[in-house]
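From first to last, the protein sequence lines are chains A and B.
Quick note on my numbering: the first sequence kicks off at 67 and runs consecutively.
Quick note on my numbering: the second sequence kicks off at 200 and runs consecutively.
Heads up, the beta-carbon is just placed ideally off N, CA and C, and yes, glycines get one too.
Since the model is a prediction, treat every value here as computed from it, not as a measurement.
Below: one structure, written as C-alpha cells.
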Amino acid sequence: MPRRRRARKVVEPPSFKGYKPYGTIHGKNGKVELHYEEYEAIKLADYDLMNHHEACELMGVSRPTFARVYETARQKIAKALVEGKEIVAVYGDAHLEKDWFECGDCKSKFTIPNELIDKNCPLCSSSSITNILH
Amino acid sequence: MKTLITSQGDSTDSYFDLRFGRGKYFCIYNSETGKIEFVKNTNADAQGGAGTKTSEMVIELGVKKVISGDFGPKAKDLLMKFGVQMIIITDSNKTILEIIRTLS
C-alpha cells in the first residue's frame, strides 16, 4: 500500500470557479482541472513571491512535494494556454486551513460546518477555541 | 440532535474506539430525549472503503455530530460535504459514559 497522501493546506480557496478562453479557433478544446493546492502553490510562489522553503512550510508539506505541486500547476496552466483549454478549479488534495479548530479546555479537535450557529466547543461548550493547522 | 460516538463495546461502560470506519460499535446519543442506543458497525471488517460506507451510514442515520479518534481522507470529505460536525479526541481511556457526561 502506498504511503498516505498528506493533505496540502490551503489558506483560502480560489475566488473563481474557472477560466475560459474566448475566440478559440477550434471551438471547445476540453478542460484542465487545476487543484486548490496547485492554485495555492502558484499564489505563494509567484504572487506572494515566497521561496519554496517558506511556501512548503505554510502548506504543511516537504519542499520537494511543494516543488512537485508547483510544477504540475505550471504545466497545467501552460497546457490550458497553449491548447486553448478551460481551467476548472477542483478541490484536489487540499485541506482548507480554517476548517479545523481546537478546544483549549478539553483539547479536542473539531470542525464547524457552515450551517452551525453555535461556535463553542461541541464537547465541553467551552468558548476558548483556536483555529489549528491540521 | 443526534451524536455518534465510536465505541469498542455495546454498553456505556465500554471504552471509546479511536477508529471511525472500523470502530466496533456506534453509540448514538440523542441530546433531546437523552436516549442512548448502540449499533454494531457492519463495515468493521470490510476489505476496503470502510470509511466511505460508514460515512454513508452516518448520513442516513441523520447524525449531526461524530466523535472519533481520527477520520480517513475520504470519510472527512464526505462528512464535510454533508455538514456533519467531526470531533477528534485522542484520549482512548475514556468510557462512553464519560463522553456523554461532558456533552450534556
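Contacts with chain A at 9 angstroms (Cβ-Cβ) do not include residue 244/B.
Inter-residue distance for residue 239/B and residue 248/B is about 17 angstroms (C-alpha atoms, whole angstroms). Relative to residue 245/B, the option among 263/B, 287/B, 222/B and 232/B whose CA is nearest is 222/B. At a C-beta separation below 8 angstroms, residue 201/B has no neighbours in chain A, since its nearest C-beta there lies roughly 13 angstroms away. For residue 254/B, the uninterrupted alpha helix (DSSP H) segment begins and ends at 249-260. Its chain contains 84, 97 and 99 as the residues whose beta carbon lies nearer than 6 angstroms to that of residue 154/A, once the 5 sequence neighbours on both sides are disregarded; these appear in chain order. Residue 160/A sits close to residue 103/A, with the two beta carbons spaced by under 9 angstroms. Across the structure, residue 105/A and residue 276/B are spaced so that their CA atoms are roughly 19 angstroms apart. Chain-order list of chain B residues neighbouring residue 122/A: empty, with the shortest C-beta distance near 20 angstroms, by a criterion of under 9 angstroms. Taking the C-beta atoms as reference points, residue 295/B is found nearer than 9 angstroms to residue 226/B. Under the three-pair Cβ rule at 8 angstroms, the region 132-142 of chain A does not count as touching the region 180-197 of chain A.
The beta carbons of residue 302/B and residue 182/A sit about 15 angstroms from each other, so the pair does not count as a contact at 8 angstroms. Listed by position along chain B, the residues whose Cβ is nearer than 7 angstroms to that of residue 188/A are 264, 284 and 286. For residue 82/A, the nearest beta carbon of chain B is not closer than 9 angstroms to its own beta carbon. Under the DSSP definition of a beta bridge, residue 131/A lacks any partner. Around the CB of residue 74/A, 16 or more other CB atoms lie within 10 Å, so the residue is classed as buried.
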